[in-house]
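Chemist: Number 623 in the numbering used here belongs to position 95 of the sequence shown; there are no gaps in the numbering.
Yeah, the Cβ is synthetic: ideal placement off N, Cα and C, and Gly gets one too.
In this text, all values refer to a predicted model and were calculated from it rather than measured experimentally.
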Amino acid sequence: MPHTDLRARRRRTRRTDPMVRTARGGLAVAAIVIAAVLVGCTPAPAPAASAPTVATPSPTPTPTASGPVLVPDGTAADNLPLFTAIMNQVASTDQAVLGRAYVDALVAAGFDKTAMEVTQDRTTVGNPADSIQFSVRWKGECLVGQVGPSTPMPTALVLPEIPGGTCLIGQTRPIDW
Numbered sequence: 529m530p531h532t533d534l535r536a537r538r539r540r541t542r543r544t545d546p547m548v549r550t551a552r553g554g555l556a557v558a559a560i561v562i563a564a565v566l567v568g569c570t571p572a573p574a575p576a577a578s579a580p581t582v583a584t585p586s587p588t589p590t591p592t593a594s595g596p597v598l599v600p601d602g603t604a605a606d607n608l609p610l611f612t613a614i615m616n617q618v619a620s621t622d623q624a625v626l627g628r629a630y631v632d633a634l635v636a637a638g639f640d641k642t643a644m645e646v647t648q649d650r651t652t653v654g655n656p657a658d659s660i661q662f663s664v665r666w667k668g669e670c671l672v673g674q675v676g677p678s679t680p681m682p683t684a685l686v687l688p689e690i691p692g693g694t695c696l697i698g699q700t701r702p703i704d705w
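#1: Using the DSSP secondary-structure output, state which residues sit across from Phe662 in a beta bridge.
#2: What residue range is occupied by the uninterrupted beta strand (DSSP E) comprising Pro688?
#3: Kindly indicate the opening and closing residues of the alpha helix (DSSP H) around Arg701.
#4: Let me confirm a value: Pro596 is counted as buried when at least 16 other C-beta atoms fall within 10 Å, else exposed. Which label applies?
#5: Taking the alpha helix (DSSP H) that Pro609 falls in, what are its first and last residues?
#6: Would a C-beta distance cut-off of 7 Å place Ala637 and Leu598 closer than the cut-off?
#7: Can you give me the C-alpha to C-alpha distance between Arg552 and Met615, rounded to a whole angstrom?
#8: Need the endpoints of the alpha helix (DSSP H) that Ala633 sits in, please.
#9: Going straight from the alpha carbon of Pro688 to that of Gly654, what length do you get?
#10: Give the C-beta separation of Arg701 and Gln661 to the nearest angstrom, bearing in mind that I take them to be a contact with Cβ-Cβ under 8 Å.
#11: Spatial neighbours of Gly708 within its chain, please: C-beta separation below 8 Å, excluding the five flanking residues on both sides.
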C-alpha cells in the first residue's frame, strides 16, 4: 500500500471512529460547560440603547450607625453592601463554613429564603468542603458569596441569573429548615 493511501485511510478512520467522535464530543461538551461558567462570572453586557425614558431613581442604601440596610425596591447592586456585611460577619465566626449560618443570617436581615441557594458543607466522602457558595436571586440577578479554606477571603459579587432561574451551577442542597 502506498504511503499516501495509509495517511488518507488514517484520516478517514479518525473521522468515523466512534471513540474519536465520542472524545471530540466530550471535549465539545466540556468547552461549552467551561464557557457557560465563564460567562456566568463576567459582568452582564450593558443593555442596548433604546428610546429615552424618564428614569425613576431607585432607592440606595442609606448608611446608618449599624451599617448597610436592605433596599427592598433596589437592585442587587444596591443590596450587595448588606449581603457582603452579613457574609463577612458570619465568616468571622466558628460557623464560617456552614451554609446554614449564611442562610439564617441573610433571612434575619430580610432576604427571601425561597430565593436562596447554598452548596453542601461537606464533600461526598464526608470531609469539610474546601469552599461553599450561597446566593440570593434578586430581580433577574444574583448576589453570590463564596467562603472557605480554599478561598483567600470571603467574596461577594452580583452576577447574572443563570438561564433556568438559578444562581449557582451544579447541585445545591435543599434549604428545608
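Modeler: With the given structure in hand:
#1: Val646 and Gly673
#2: Thr683 to Pro688
#3: Element bounds for Arg701: n/a, residue is neither H nor E.
#4: buried
#5: Ala604 to Ala619
#6: Here Ala637 is near Leu598, since their CB atoms are less than 7 Å apart.
#7: Bear in mind that the predicted position of Arg552 carries a pLDDT of just 42, short of 50, making it too unreliable to give a figure here.
#8: Counting along the chain, the alpha helix (DSSP H) containing Ala633 begins and ends at Gly627 to Ala636.
#9: Those two C-alpha atoms are separated by around 31 Å.
#10: For Arg701 against Gln661, the beta-carbon gap comes to about 11 Å, at or over 8 Å, which does not count as contact.
#11: Limits of the chain in this structure are 529 at one end and 705 at the other, which puts residue 708 out of reach.
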